[in-house]
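J.: Numbering (this note's numbering), first residue to last: 6 to 263. Here's a structure for you.
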DNA sequence: TGGAATGTTCGGCT
DNA sequence: AAGCCGAACATTCC
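Structure, rendered in structure tokens:
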């Protein structure tokens with residue numbers, strides 16, 4: 006579920022409730038929800054709620070809590086405890102619940118936000134994006150999903166971006182000509198910004214920190230629409246597997262011309 | 001009814 | 001080195 010626009014939305018909707026509050030405790034109800042060691046946080050101030058790639062970062066004085074949402078993770082302001090509540094961050098007033106059905110998500114601690122991932126898709130310059138693509142022979146869809154190449158894109162937005170750029174998902178990155186790279190860069194920003202403005206995509210059960218679903222799924226052009234008609238040319242949309250991930254595209258608009 | 005698929009990521013293997 | 005594969009997990013859908 007949560008890719009860049011959803012993590013951004015969760016971080017933003019959480020911010021007004023939690024920034025400036027003092028932490029009372031962090032409690033875990035599932036061992037695998039804790040990633041590594043987390044010190045006693047009592048009395049630390051929660052300074053900021055922001056995003057890093059697909060993760061929500063809660064900046065405290067002296068360190069950061071990095072929340073990986075995995076496939077089904079959510080952070081809810083004053084969330085009701087349920088069977089899938091894996092952790093609770095109690096504040097001097099109110100609390101944040103971390104719910105995660107499939108348990109692919111986790112919460113870790115670090116002195117500062119690690120810099121091991123690739124650049125943010127909304128911050129990378131076109132020149133750097135171009136230079137990084139030129140070095141790689143991998144297929145463009147695979148590369149967009151690689152968090153060390155760019156941090157934040159997942160399966161939905163990779164497919165939507167490639168459709169908007171009219172690029173076939175199997176195209177080797179270094180075979181993209183200058184025009185296509187320029188288009189890819191522009192539509193990547195455009196799709197992500199529109200998705201954030203819509204509060205992200207709610208495919209099944211994603212909601213923001215206030216429990217509100219996103220609306221961007223209404224604007225998906227190809228994701229989840231295999232067998233339907235291309236909104237641009239009318240041909241039947243296809244679904245194939247690339248790197249074990251289902252990949253949706255239009256065989257008419259996204260030609261394999263390389 | 002069972003098998004396949006689902007938004008992610010990591011490690012191991014070639 | 002890059003890329004494929006399976007595993008971690010729970011639920012839904014055909």
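Beta carbons are placed, not taken as given, at the ideal position from N, Cα and C, and that holds for glycine.
Taking the alpha-carbon positions, what's the residue 183 to residue 144 distance?
T.: On the first chain, residue 183 is found 178 positions in, with the first residue counted as 1. On the first chain, residue 144 is found 139 positions in, with the first residue counted as 1. Using only the alpha carbons, I get a separation of about 17 Å.
J.: May I ask you to report which of helix, strand or coil DSSP gives residue 262?
T.: Within the first chain, the letter at position 257 stands for residue 262. Coil at residue 262, not helix or strand.
J.: Tell me whether residue 86 is buried or exposed, calling it buried when 16 or more other Cβ atoms sit within 10 Å of its Cβ.
T.: What you label residue 86 is simply residue 81 of the first chain in a count that begins at 1. Burial call: exposed.
J.: Check whether the Cβ atoms of residue 153 and residue 254 sit closer than 9 Å, and answer yes or no.
T.: Counting from 1 along the first chain, the entry for residue 153 is found at position 148. Counting from 1 along the first chain, the entry for residue 254 is found at position 249. Their beta carbons are not under 9 Å apart, which means residue 153 does not touch residue 254 by this criterion.
J.: Quick check on the DSSP output: what are the complete beta strand (DSSP E) runs of length 3 or more inside the region 43-98, in order along the chain?
T.: Complete beta strand (DSSP E) runs here, min 3: 51-57, 60-65, 68-73, 78-82, 90-96.
J.: With the cut-off set at 9 Å, would you say residue 155 and residue 8 are in Cβ contact?
T.: If you number the first chain from 1, residue 155 lands on position 150. If you number the first chain from 1, residue 8 lands on position 3. No, these two residues do not count as a Cβ contact at 9 Å.
J.: Out of 213, 234, 16, 239, state which residue places its alpha-carbon closest to the alpha-carbon of residue 51.
T.: Here the question's residue 51 lines up with position 46 in the first chain. Among 213, 234, 16, 239, the Cα nearest to that of residue 51 belongs to 16.
J.: Measure the C-alpha to C-alpha separation of residue 35 and residue 127 and round it to an integer number of angstroms.
T.: Here residue 35 is taken as the residue at index 30 of the first chain, counted from 1. Here residue 127 is taken as the residue at index 122 of the first chain, counted from 1. C-alpha separation (whole angstroms): 34 Å.
J.: Are there 16 or more other CB atoms within 10 angstroms of the CB of residue 58, so buried, or fewer, so exposed?
T.: Along the first chain, one-based indexing puts residue 58 at 53. With 16 or more Cβ atoms within 10 Å of its Cβ, residue 58 is classed as buried.
J.: Hey, would you say residue 240 sits closer than 9 Å to residue 231, going by beta carbons?
T.: Start at 1 with the first residue of the first chain, and residue 240 comes out as number 235. Start at 1 with the first residue of the first chain, and residue 231 comes out as number 226. For residue 240 and residue 231, no; Cβs fall outside 9 Å.
J.: Is residue 183 helix, strand or coil by DSSP?
T.: Here the question's residue 183 lines up with position 178 in the first chain. Note: residue 183 maps to helix in three-state DSSP.
J.: So, using beta-carbon positions, are residue 94 and residue 28 closer together than 9 Å?
T.: Counted from its first residue, the first chain places residue 94 at position 89. Counted from its first residue, the first chain places residue 28 at position 23. Yes, Cβ-Cβ distance for residue 94 and residue 28 is below 9 Å.
J.: Within this structure, are the beta carbons of residue 20 and residue 54 separated by less than 9 Å?
T.: Against the first chain, residue 20 aligns to sequence position 15. Against the first chain, residue 54 aligns to sequence position 49. The answer is yes: Cβ separation under 9 Å.
J.: Going by the CB atoms, is the gap between residue 110 and residue 78 shorter than 9 Å?
T.: By 1-based counting over the first chain, the position of residue 78 is 73. By 1-based counting over the first chain, the position of residue 110 is 105. In contact: residue 78 and residue 110 (Cβ atoms closer than 9 Å).
J.: Please list the terminal residues of the continuous alpha helix (DSSP H) segment that includes residue 139.
T.: Numbered from its first residue, the first chain carries residue 139 at position 134. That run of the alpha helix (DSSP H) goes 131-139.
J.: Let me know the secondary structure DSSP gives residue 33 once reduced to three states.
T.: Your numbering for residue 33 matches position 28 in the first chain. Strand.
J.: Residue range of the beta strand (DSSP E) that residue 246 falls in?
T.: Walking along the first chain from the start, residue 246 turns up at place 241. Residues 243-247.
J.: Ignore the nearest five residues each way along the sequence and tell me which others in residue 264's own chain have a CB closer than 7 Å to its CB.
T.: The shown model of the chain, from 6 to 263, leaves out residue 264, and the question about it has no answer.
J.: Assign residue 261 to buried or exposed, taking buried as 16 or more other Cβ atoms, counted over all protein chains shown, within 10 Å of its Cβ.
T.: Translated into positions along the first chain, residue 261 becomes position 256. The residue is exposed, with fewer than 16 neighbouring Cβ atoms inside 10 Å.
J.: If we call anything under 9 Å between Cβ atoms a contact, is residue 76 one with residue 62?
T.: As a first step, residue 76 must be located in the first chain, where it is residue number 71. As a first step, residue 62 must be located in the first chain, where it is residue number 57. For residue 76 and residue 62, no; Cβs fall outside 9 Å.
J.: Does DSSP put residue 170 in a helix, a strand or coil?
T.: Taking the first chain and counting its residues from 1, one reaches residue 170 at position 165. DSSP places residue 170 in coil when its eight states are reduced to three.
J.: Which residues mark the beginning and the end of the alpha helix (DSSP H) in which residue 22 is found?
T.: Numbered from 1 along the first chain, position 17 holds the residue referred to as residue 22. Looking at the DSSP string, the run of the alpha helix (DSSP H) that includes residue 22 is 9-23.
J.: Comparing C-alpha positions only, which one of 217, 201, 222, 229 sits nearest to residue 10?
T.: Counted from its first residue, the first chain places residue 10 at position 5. If we check each option's Cα against that of residue 10, 201 comes out closest.
J.: Beta carbon of residue 13, beta carbon of residue 56: below 9 Å?
T.: To locate residue 13, count along the first chain from 1; it is residue 8. To locate residue 56, count along the first chain from 1; it is residue 51. In contact: residue 13 and residue 56 (Cβ atoms closer than 9 Å).
J.: Just to confirm my understanding: we take residue 190, look at its own chain, exclude 5 residues before and 5 after, and list those with CB closer than 8 Å. What are they?
T.: Position 185 of the first chain, counted from the first residue, corresponds to residue 190. For residue 190, where only same-chain residues beyond five positions count, the Cβ hits under 8 Å are 131, 134, 135.
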